[in-house]
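*Asks:* Chains as they are written, first to last, in this note's numbering: chain D, 1 to 232; chain E, 1 to 232.
Below: one structure in structure tokens.
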DNA sequence: ACGCTGCATACTGTCGACAACTAACAATCA
DNA sequence: TGATTGTTAGTTGTCGACAGTATGCAGCGT
């Protein structure tokens, strides 16, 4: 039941694709989420249900439910009877987002140390990272970096923490997409990883904590002017 | 436009009240949320949209949206095309919930120490607590306890953390309601608070962290058998 | 007895139309 | 002029009906 007129219609976000048998709200939510975290839909952008419904050739109900989901993700904000928009990102929120990341990573490290978990998977991530640096493959580098941090959280063996992490990382993706390409020093920042793993391996709590905190703060550096403010 | 037939109808969750001008979905979400965290709707309970709609005399749309909101809160779980139910609480989830609480409180304490924030508000909470103990007022005791912990988070001056905390505490309320009255030692546990504040005041990082961790773990004690498991 | 097929049922998912609300602007009157 | 009140346009909120999906059971064939 593919939509045969898809190619003819002016389409900003594209038609919904009948790829899977998931409910429409999920396909729509996924599509909107991608648009937001990629920066295509910028903070402050207004989401009008009727317009989206028409663009995607669905009724308003699944659109509304999809937007609800995104609201849960913290990507969209609703003002009753007035409208919905992509949540504005204040400098403070960006800062707090990275602050939370630091909290999560440091806490995960504590748990790893408390439980004597093997850090072998982290070494693997470091190797993947080195390879990406050697190949000068930026895509792979970003992926490997994310894998390293996610692995750190996973090793802490705390599912709730992991799900919070996934949500947080989504917003970090959005922030990174909105920045004017901070890729320059990513490779250099990647060099921080092995010492962290080494500290974890040798059970050095203090050092590990400090290294992670410093690493996270390095990642948080950004040009505040590059994130537009949408007050009101 | 109050519903004049409200008194006649059999009603399990009660009719929705036209108290405020909030959208129905919010009133319904609030009502369901209360029912869940109070334990009236137990984990595993199935939520049937049509039934709820009939009970509350509204259409299914706001019911669906309300359930979405509760899903975001982590209180309800949806299985596409099958149904929705109050999220089952495994022993592991309960444990992780308190683990997260520990992470949040310890991290908040670190931030308070990092920034030399005045802990005066915490002393006030301690006083309210003592008064409740002296009056043998259990309600006030619970409220004061919650106020203490929320204040700790608030002093860390991190809005994202605070909102995560509010969500977490909601689920802790639910867990407490499902336990067979663990009130016995609450007064005694309350005695842990002043030492924590003292440690924070004197900037003793190590002690503060340990006291908070121990306090949180004391709160987490529970009879695993008192929380039903709903596998499948 | 066993497995398959095809209803029947009880839900959730989706739709299109209508109601309610807000904000902005025009018209009215002191 | 300036404040107040209609009025209208644009949006979200709500509804009732219909379509789609999963599950259990009856009936059939082997």
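Glycine included, every Cβ here is placed at the ideal spot set by N, Cα and C.
In this text the structure is predicted, and so the values were computed from the model without any measurement.
Pick out the complete beta strand (DSSP E) segments inside the stretch 52-85 of chain D, 3 residues or longer, and give them in chain order.
*Replies:* With a minimum length of 3 residues, the continuous beta strand (DSSP E) runs that stay inside the stretch 52-85 of chain D are 76-79.
*Asks:* Once DSSP output is grouped into helix, strand and coil, what is the label at residue 89 of chain D?
*Replies:* Counting from 1 along the first chain, the entry for residue 89 of chain D is found at position 89. Residue 89 of chain D falls in the coil class under three-state DSSP.
*Asks:* Return helix, strand or coil for residue 119 of chain D, following the three-state DSSP convention.
*Replies:* Within the first chain, numbered from 1, the residue matching residue 119 of chain D stands at position 119. The answer is coil: DSSP assigns residue 119 of chain D none of H, G, I, E or B.
*Asks:* Name the chain E residues whose beta carbon is nearer than 9 Å to that of residue 158 of chain D?
*Replies:* Working through the first chain from its first residue, we reach residue 158 of chain D at position 158. Those within 9 Å of residue 158 of chain D in chain E are 96, 99, 100, 103.
*Asks:* Look at the alpha carbon of residue 239 of chain E and the alpha carbon of residue 66 of chain E, and state the distance between them as a whole number of angstroms.
*Replies:* Only positions 1 to 232 of chain E appear in this structure, which leaves residue 239 of chain E out of reach.
*Asks:* Do residue 122 of chain D and residue 152 of chain D count as a contact pair if the criterion is CB distance below 8 Å?
*Replies:* By 1-based counting over the first chain, the position of residue 152 of chain D is 152. By 1-based counting over the first chain, the position of residue 122 of chain D is 122. Against a cut-off of 8 Å, the Cβ pair of residue 122 of chain D and residue 152 of chain D comes out as a contact.
*Asks:* Could you please give the first and the last residue of the uninterrupted alpha helix (DSSP H) stretch that includes residue 167 of chain E?
*Replies:* Locating residue 167 of chain E in the second chain gives position 167, where the first residue counts as 1. Start and end: 159-178.
*Asks:* If the criterion is Cβ atoms closer than 8 Å, does the pair residue 85 of chain D and residue 143 of chain D meet it?
*Replies:* Residue numbering aside, residue 85 of chain D sits at position 85 when the first chain is read from its first letter. Residue numbering aside, residue 143 of chain D sits at position 143 when the first chain is read from its first letter. No, Cβ-Cβ distance for residue 85 of chain D and residue 143 of chain D is not below 8 Å.
*Asks:* Excluding the five sequence neighbours on either side, which residues of its own chain have a C-beta within less than 6 Å of the C-beta of residue 125 of chain D, listed in chain order?
*Replies:* Translated into the one-based positions of the first chain, residue 125 of chain D becomes position 125. Result list for residue 125 of chain D: 147, 148, 151, in chain order.
*Asks:* Between the stretch 42-62 of chain D and the stretch 42-58 of chain E, are three or more C-beta pairs nearer than 8 Å?
*Replies:* Result no; under three Cβ-Cβ pairs closer than 8 Å.
*Asks:* Are the C-beta atoms of residue 112 of chain E and some chain D residue less than 8 Å apart?
*Replies:* For the purposes of this step, residue 112 of chain E is identified with residue 112 of the second chain, where counting begins at 1. False, the Cβ-Cβ gap to chain D never drops below 8 Å.
*Asks:* Please classify residue 145 of chain E as buried or exposed, where buried requires at least 16 neighbouring CB atoms within 10 angstroms.
*Replies:* On the second chain, residue 145 of chain E is found 145 positions in, with the first residue counted as 1. The residue is buried, with at least 16 neighbouring Cβ atoms inside 10 Å.
*Asks:* Ends of the alpha helix (DSSP H) at residue 210 of chain D?
*Replies:* Your numbering for residue 210 of chain D matches position 210 in the first chain. That run of the alpha helix (DSSP H) goes 205-220.
*Asks:* Between residue 133 of chain E and the rest of its own chain, which residues show a CB-CB distance below 7 Å, the 5 nearest in sequence each way excluded?
*Replies:* Mapped onto the second chain, residue 133 of chain E falls at position 133. So the qualifying residues of the chain are 141, 187, 190.
*Asks:* If the cut-off is 9 Å on Cβ atoms, which residues from the stretch 66-86 of chain D count as contacting chain E, listed in chain order?
*Replies:* Within the stretch 66-86 of chain D, the qualifying residues are 68, 69, 71, 72, 73, 74, 80, 81.
*Asks:* Can you tell me which of D:197, D:83, D:75 puts its alpha carbon nearest to the alpha carbon of residue 32 of chain D?
*Replies:* Locating residue 32 of chain D in the first chain gives position 32, counting from the first residue. Closest option to residue 32 of chain D, Cα to Cα, is D:75.
*Asks:* With a Cβ-Cβ cutoff of 8 Å, do residue 100 of chain D and residue 43 of chain D count as a contact?
*Replies:* Position 100 of the first chain holds residue 100 of chain D. Position 43 of the first chain holds residue 43 of chain D. No, the pair does not count as a contact, with Cβ atoms beyond the cut-off.
*Asks:* Could you tell me whether the stretch 103-112 of chain D touches the stretch 97-111 of chain E, using the rule of 3 or more Cβ pairs below 8 Å?
*Replies:* Touching, yes.
*Asks:* Which stretch, first to last residue, makes up the alpha helix (DSSP H) that contains residue 27 of chain E?
*Replies:* Residue mapping note: residue 27 of chain E aligns to position 27 of the second chain, counting from 1. That run of the alpha helix (DSSP H) goes 24-37.
*Asks:* Identify whether residue 106 of chain D lies in helix, strand or coil by the three-state DSSP scheme.
*Replies:* Position 106 of the first chain, counted from the first residue, corresponds to residue 106 of chain D. It is helical.
*Asks:* Sorted by chain position, which residues of the same chain lie with C-beta nearer than 7 Å to residue 213 of chain D's C-beta, five sequence neighbours on each side aside?
*Replies:* The residue given as residue 213 of chain D occupies position 213 in the first chain. So the qualifying residues of the chain are 102, 106.
*Asks:* Whose Cβ in chain E lies nearer than 8 Å to the Cβ of residue 22 of chain D?
*Replies:* Position 22 of the first chain, counted from the first residue, corresponds to residue 22 of chain D. By Cβ distance, chain E contributes 80.
*Asks:* Grouping DSSP H, G and I as helix and E and B as strand, with all else coil, what is residue 125 of chain D?
*Replies:* Along the first chain, one-based indexing puts residue 125 of chain D at 125. In this structure, residue 125 of chain D counts as helix in the three-state DSSP scheme.
*Asks:* Name the two residues that bound the continuous alpha helix (DSSP H) containing residue 144 of chain D.
*Replies:* One-based indexing of the first chain puts residue 144 of chain D at position 144. 138-155 is the extent of the alpha helix (DSSP H) around residue 144 of chain D.
*Asks:* Could you tell me which residues DSSP pairs with residue 48 of chain E in its beta bridges?
*Replies:* Locating residue 48 of chain E in the second chain gives position 48, where the first residue counts as 1. DSSP lists no partner for residue 48 of chain E.
*Asks:* Suppose you measure from the CA of residue 169 of chain E to the CA of residue 131 of chain D; what does that come to, to the nearest Å?
*Replies:* On the second chain, position 169 is the one that residue 169 of chain E refers to. On the first chain, position 131 is the one that residue 131 of chain D refers to. Residue 169 of chain E and residue 131 of chain D: Cα-Cα distance of roughly 44 Å.
*Asks:* Assess, as a yes-or-no matter, whether the stretch 106-116 of chain E is touched by the stretch 205-212 of chain E under the definition of 3 or more beta carbon pairs within less than 8 Å.
*Replies:* Contact holds: three or more Cβ-Cβ distances are below 8 Å.
*Asks:* Can the beta-carbon of residue 138 of chain E be found closer than 8 Å to that of residue 216 of chain E?
*Replies:* The residue given as residue 138 of chain E occupies position 138 in the second chain. The residue given as residue 216 of chain E occupies position 216 in the second chain. No, the pair does not count as a contact, with Cβ atoms beyond the cut-off.
*Asks:* Are residue 119 of chain D and residue 201 of chain D closer than 8 Å when you measure CB to CB?
*Replies:* One-based indexing of the first chain puts residue 119 of chain D at position 119. One-based indexing of the first chain puts residue 201 of chain D at position 201. Result yes, Cβ atoms of residue 119 of chain D and residue 201 of chain D sit closer than 8 Å.
*Asks:* Could you confirm whether any beta carbon from chain D is found closer than 8 Å to the beta carbon of residue 64 of chain E?
*Replies:* The residue given as residue 64 of chain E occupies position 64 in the second chain. True, the Cβ-Cβ gap to chain D drops below 8 Å.
*Asks:* Chain E beta carbons: is any one of them nearer than 8 Å to that of residue 59 of chain D?
*Replies:* Position 59 of the first chain, counted from the first residue, corresponds to residue 59 of chain D. Not closer than 8 Å to any Cβ of chain E, the Cβ of residue 59 of chain D fails to qualify, so no.
*Asks:* Pull up the CB-CB distance for residue 155 of chain D and residue 112 of chain D, whole angstroms please, since I reckon it's below 8 Å.
*Replies:* Translated into the one-based positions of the first chain, residue 155 of chain D becomes position 155. Translated into the one-based positions of the first chain, residue 112 of chain D becomes position 112. Yes, they are in contact, since the Cβ atoms of residue 155 of chain D and residue 112 of chain D sit about 5 Å apart, within 8 Å.
*Asks:* DSSP three-state label for residue 43 of chain D, please.
*Replies:* Taking the first chain and counting its residues from 1, one reaches residue 43 of chain D at position 43. Three-state DSSP puts residue 43 of chain D in coil, outside helix and strand.
*Asks:* Could you work out which residue in E:199, E:179, E:35 is closest to residue 91 of chain E when comparing CA atoms only?
*Replies:* By one-based count along the second chain, residue 91 of chain E stands at place 91. Cα-wise, what sits closest to residue 91 of chain E is E:179.
*Asks:* Any C-beta of chain E within less than 8 Å: which residues of the stretch 161-179 of chain D qualify?
*Replies:* Per Cβ criterion, the list reads 161, 164.
*Asks:* With a threshold of 8 Å between beta carbons, is residue 107 of chain D in contact with chain E?
*Replies:* In the first chain, the residue the question calls residue 107 of chain D occupies position 107. Yes, contact with chain E.
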